[in-house]
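2 protein chains.
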Amino acid sequence: MEIGATRLRAKASWLINKTSLHAHRLVAEGLGSVDARGYHFAILAALDEYGPASQAALSQRTGIDRSDTVAMVNELVDQHLVVREPDPDDRRRNVITITPAGRRRLERLETVLSEVQDELLAPLSAAERRQLVGLLARVLDHHTSQAG
Amino acid sequence: MEIGATRLRAKASWLINKTSLHAHRLVAEGLGSVDARGYHFAILAALDEYGPASQAALSQRTGIDRSDTVAMVNELVDQHLVVREPDPDDRRRNVITITPAGRRRLERLETVLSEVQDELLAPLSAAERRQLVGLLARVLDHHTSQAG
DNA sequence: AGCCAACGTTGGCTCGACCAACGGTATATC
DNA sequence: GATATACCGTTGGTCGAGCCAACGTTGGCT
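As they're listed, the protein sequences go chains A and B.
In terms of numbering that gives the first Met the number 0, the first sequence has 117 at position 118, counting the first letter as 1, and numbering is strictly consecutive.
In terms of numbering that gives the first Met the number 0, the second sequence has 75 at position 76, counting the first letter as 1, and numbering is strictly consecutive.
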């Protein structure tokens, strides 16, 4: 590809966007090879960490839009990785619960994603990877914590 | 938004993708306020640095697809920021040349983008920003230099 | 002359992120 | 107790970025 434009390469926004493209592709390929998607991992992980939750709660925790969450939960239900039940205490809500198969699936995805991270960050040392993650986390926090 | 899923936040790929979203939005807003787009800056900057070039060369240097380059050059021509002429030495090619107005425009976009970087990286010190840019550049290089 | 490669261009596709609106339900206020 | 307000899941979109295939034209090679 031989991207050379110096002014472009100096812009953090450009670097982040381009790197994100590679990351996105690697994740899609990795998870695609086991017939999964990034959103699946996000939801399964949230359920595993926080326990059963409504779709709205999942949406909030994962940053996935409510409407997209519907579709993802549908897919996970089809694969018997989660169960969707009406909440008896609040009939507006569904309670989504991860199944044992879902937990096994999550472990598998965790492995795949871990390999993808390795591939993505290949040129960086362990310390540098932590550095990068730390810096990005701070940037992200800054932009998600404040209202606008 | 209150994103909490720990497993998610630990994944570099997720952090990069999410940060990229913010970066992308900030850039779009910033440039949108002066009626421009990221691709405009990329092309103008490439022309300024390397001199007049064919669309194919621009495409290669900016990483923008050939077909999208067509549309971008169209827009820039409409705004009289570049000139598109047939290459007398190779009639398959167009020669794209930046105009004085294009250079002034480039300067303006540079200013806007510089402010956007500031906003994006607000929580980081100057040294940390350099660190982040350096790490991302290395990751990006690794994935663009090798064939696949 | 004939074949292959490169260029610009058109027209399309896909996918992620988002938004608006709806019916159904809970909560608060009077 | 009726009414307004807010929330939940769901449907059905929109929009833009990144791609890809194909075509006619032109150049280079042999």
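Backbone N, C-alpha and C define an ideal beta-carbon position, used for all residues, glycine too.
Item: When you compare each of A:Gly50, A:Gly37, A:Pro51 and A:Gln78 to Gly62 of chain A by their alpha carbons, which one comes out closest?; Value: A:Gly37
Item: Roughly how many angstroms separate the alpha carbons of Gln78 of chain A and Ala52 of chain A, rounded to a whole number?; Value: 18 Å
Item: Quick check on this structure: which residue in B:Asp117, B:Arg128, B:Ala136 and B:Leu120 has the alpha carbon closest to the alpha carbon of Ala121 of chain A?; Value: B:Ala136
Item: Report yes or no: do three or more beta-carbon pairs, one from the stretch 110 to 119 of chain B and one from the stretch 25 to 44 of chain B, lie closer than 8 Å?; Value: yes
Item: Whose Cβ in chain B lies nearer than 7 Å to the Cβ of Ile15 of chain A?; Value: Ile15, Thr18, Ser19, Ala22 and Leu135
Item: Using three-state DSSP, classify Pro85 of chain B as helix, strand or coil.; Value: strand
Item: Which residues in chain A sit within 7 Å of Val26 of chain B, going by Cβ to Cβ distance?; Value: Ser12
Item: Using three-state DSSP, classify Met0 of chain B as helix, strand or coil.; Value: Because Met0 of chain B sits at a pLDDT of 43, beneath the cut-off of 50, its placement in the model cannot be relied upon, and the point is left open.
Item: Got a sec: which bits of the stretch 112 to 134 of chain B sit with their beta carbon under 8 Å from any beta carbon on chain A, in order along the chain?; Value: Leu112, Val115, Gln116, Leu119, Leu120, Ala121, Pro122, Leu123, Glu127, Arg128, Gln130, Leu131, Val132 and Leu134
Item: Among B:Ala70, B:Leu123 and B:Arg92, which one has its Cα closest to the Cα of Ile169 of chain B?; Value: Residue 169 of chain B lies beyond the residue range present for chain B, which begins at 0 and ends at 147; the question has no answer from this structure.
Item: Quick check on this structure: which residue in B:Ala44, B:Ser12 and B:Lys17 has the alpha carbon closest to the alpha carbon of Thr97 of chain B?; Value: Reading the sequence as shown, one finds Ile at residue 97 of chain B and not Thr. Checked all of B:Ala44, B:Ser12 and B:Lys17; the closest Cα to Ile97 of chain B is B:Ala44.
Item: For the stretch 39 to 58 of chain B, list every residue whose C-beta sits within 7 Å of some C-beta in chain A, in sequence order.; Value: Ala41, Ala44, Ala45 and Glu48
Item: Do you know offhand how far Glu109 of chain B's Cα is from Phe40 of chain B's?; Value: 8 Å
Item: Do you know offhand how far Arg8 of chain B's Cα is from Gln130 of chain A's?; Value: 14 Å
Item: Identify the contact partners of Leu30 of chain B in chain A, using a Cβ-Cβ distance below 9 Å as the criterion.; Value: Correct list: empty, because the minimum Cβ distance to chain A is about 10 Å.
Item: Listed from N- to C-terminal order along the chain, which residues in the stretch 59 to 84 of chain B have their beta-carbon within a distance smaller than 9 Å of any beta-carbon of chain A?; Value: Gln59, Arg60, Thr61 and Gly62
Item: Considering Cα atoms alone, identify which of B:Val82, B:His141 and B:Ser32 is closest to Gly50 of chain B.; Value: B:Val82
Item: If you scan the stretch 35 to 64 of chain B from start to end, which runs of the alpha helix (DSSP H) of 4 or more residues do you find wholly inside it?; Value: 37 to 49 and 54 to 61
Item: Closer than 7 Å by C-beta to Asn93 of chain B: which residues in its own chain qualify, once you throw out the five before and the five after it? Chain order, please.; Value: Ser53, Gln54, Arg83, Glu84, Pro85 and Asp86
Item: Hey, is Ala35 of chain B's beta-carbon within less than 9 Å of any beta-carbon in chain A?; Value: no
Item: Run through DSSP, which three-state label would Val33 of chain B get?; Value: coil
Item: Got a sec: is the Cβ-Cβ distance from Glu109 of chain A to anything in chain B below 9 Å?; Value: yes
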